[in-house]
Every structure is written in C-alpha cells, then in structure tokens.
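Engineer: Structure incoming, see below.
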C-alpha cells in the first residue's frame, strides 16, 4: 500500500506504527473479529436497526460534533481540487 501514499506518510508508518499497533491493539482486534465470526456484531446491528438506529445516530452525531470535523472542513475548503470529483453530496446524504 505504501506506493500510494506520500513518503511522509510512509515514514510516519515506520516510526509511529509500532507505537499504535501494540499487543493490546492486536488482542482487541482479535476480540472484534470473534464478535464478527460468532454473529454477535450482526445480531447487535440488526437490533439497532429494529429501534431505528437510535444509538448509531447518536454516535454519528457525537462524531460529527468533534472539533476535528471543523478543522477538516476548513482544510478541505483550501483544496478546491477535492470538490471537483465529489463522491458524496452532503446536502443530500
């Protein structure tokens, strides 16, 4: 995958990745995989849909209210080439 990212991002992977992907992270990822393989994730998602995605929508609203979203919007506004090939129309989705 590194061929598709900048040298800066690749360097960051090498120096920061081992600090992020720890044995604890790997163990948690295995627990998440177990939830998927056992069907627990699907059961929870189906229940969430039965109640009109109440918790899901609340989590989405919290994520959208995070300050990083405002920063990202400002940064994207400084990069007009991004908007030329928009995949998502936020006014509709």
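Residue numbers (this note's numbering): 590 to 682.
Glycine is no exception: its CB is placed at the ideal position from the N, C-alpha and C atoms.
Rounded to whole angstroms, what's the CA-CA distance from residue 638 to residue 629? Just pull it up for me.
Structural biologist: One C-alpha to the other measures close to 14 Å.
Engineer: Excluding sequence positions up to five away, which residues of its chain have a Cβ less than 6 Å from the Cβ of residue 649?
Structural biologist: Hits under 6 Å: none found.
Engineer: So what's residue 593 in DSSP terms, helix, strand or just coil?
Structural biologist: Here residue 593 sits in helix by DSSP.
Engineer: Determine the DSSP secondary structure at residue 611, reduced to helix, strand or coil.
Structural biologist: Residue state, collapsed to three classes: coil.
Engineer: Any heavy atom of the ligand SAH closer than 7 Å to the Cβ of residue 629?
Structural biologist: With respect to the ligand SAH, the structure offers nothing, as it holds no ligand at all.
Engineer: Hey, quick one: how far does the alpha helix (DSSP H) through residue 663 stretch, first residue to last?
Structural biologist: Per DSSP, residue 663 belongs to the alpha helix (DSSP H) from 656-666.
Engineer: Starting from residue 672 and walking both ways along the alpha helix (DSSP H), at which residues does that stretch end?
Structural biologist: 669-673 is the span of the alpha helix (DSSP H), which, as asked, contains residue 672.
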